[in-house]
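Here the structure comes first, spelled out in structure tokens, and everything after it is commentary.
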Amino acid sequence: MDLDPRPLYTRATGQVAALMARVKPEALGDATPCEEFDVRGLLAHLVGGVRAGAERGRTDADVALVAAEGVPDDGWLPAYDEARALFDEVWADDAKLDAPVSVPWGEMPGRAYLASGCVLETVAHTWDLSTALGHPLPLDQELAEYALEWARRVLPAERRGGPVPFGPVRPAPEGADAYARLAAWLGREV
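Add 220 to a position in the sequence shown, counting from 1, and you land on the number used in my numbering.
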């Protein structure tokens, strides 16, 4: 798990961008499996997450994830693409992979932050957005397997509740794909 997570993050954000391109304005108020967000709120969270990741890489300080505000209904994809370009620019230096990064729960190497804080988060919300949109595109199962491996490592079942923002692990249906298994591990109803 010590590989460079940046190419996986690029694939994950590309997948989200492809889904964002399919969001119709009338769907922005629709529910998602992530109970705290409707589609618009999830898009704001995704854009804000990429911006926060770029800022964390630039400053190496703990940066709060703030949902993007003021984005017009037809501007989510351009806002996301702009944030992705900034993120890629900030994290292009290989030295950042082993440099310490401050996160709310402590400090970790940039490589671990990118894997657990960026790839995992993006892949999990990919399933949320895809589900809300009726699964319009096939999803990259390798990304979900990678994210699930990290989720099991950093979000063990016995640490749920309290400050850990995930519910208890839920069962995934027999034969579920990697995204459904990840969603169930993160406490979502599959």
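Here a beta-carbon is modelled for each residue, glycine too, at the ideal position from N, C-alpha and C.
Please list the terminal residues of the continuous beta strand (DSSP E) segment that includes S350.
No beta strand (DSSP E) contains S350, which is instead part of the alpha helix (DSSP H) from 340-352.
Exposed or buried, which one is P391 when buried takes at least 16 other CB atoms within 10 Å?
Exposed, by the Cβ-count rule.
Quick one: what does DSSP say A251 is sitting in, helix, strand or coil?
Strand.
Rounded to whole angstroms, what is the Cα-Cα separation between D314 and L363?
Between D314 and L363, the C-alpha separation is close to 21 Å.
To the nearest angstrom, how far is the alpha carbon of A251 from that of S336?
Those two C-alpha atoms are separated by around 25 Å.
What would DSSP say about P329, mapped onto helix, strand or coil?
It is a strand residue.
Hey, L285 and G261: beta-carbon distance below 8 Å or not?
Not closer than 8 Å, so no.
When you compare only the Cα positions, how much space is there between L297 and A237?
Whole-angstrom Cα-Cα distance: 6 Å.
Does the beta-carbon of K244 have 16 or more other beta-carbons within 10 angstroms, so that it is buried, or is it exposed?
It is exposed - the Cβ of K244 has fewer than 16 other Cβ atoms within 10 Å.
Going by the CB atoms, is the gap between A398 and V410 shorter than 8 Å?
In this structure, A398 does not lie closer than 8 Å to V410 by Cβ.
Cα-Cα, which of C338, V323, D224, E289 is closest to F307?
Of C338, V323, D224, E289, the residue nearest in Cα terms is C338.
Return the Cβ separation of A352 and V259 in integer angstroms, given the expectation that the two are a contact with Cβ distance under 8 Å.
The pair is a contact, with the Cβ atoms about 5 Å apart (cut-off 8 Å).
Rounded to whole angstroms, what's the CA-CA distance from G277 to A319? Just pull it up for me.
Cα to Cα, G277 sits roughly 10 Å from A319.
The beta strand (DSSP E) with P320 in it runs from where to where?
Taken as a continuous stretch (DSSP letters only), the beta strand (DSSP E) holding P320 covers 320-323.
If I measure Cβ to Cβ from D360 and keep anything under 7 Å in the same chain, skipping five residues before and after, which residues do I get?
Closer than 7 Å at Cβ, skipping near neighbours: R231, Q235.
Given F257, which residues of its chain have a CB within under 7 Å of its CB, disregarding the five upstream and five downstream residues?
Closer than 7 Å at the Cβ level, and outside the excluded window around F257, lie H265.
Are the Cβ atoms of L402 and V343 separated by less than 8 Å?
Contact flag set, yes.
As a quick exercise: from L406, L239, L223, pick the residue whose alpha carbon is nearest that of L357.
Nearest of L406, L239, L223 to L357, Cα basis: L239.
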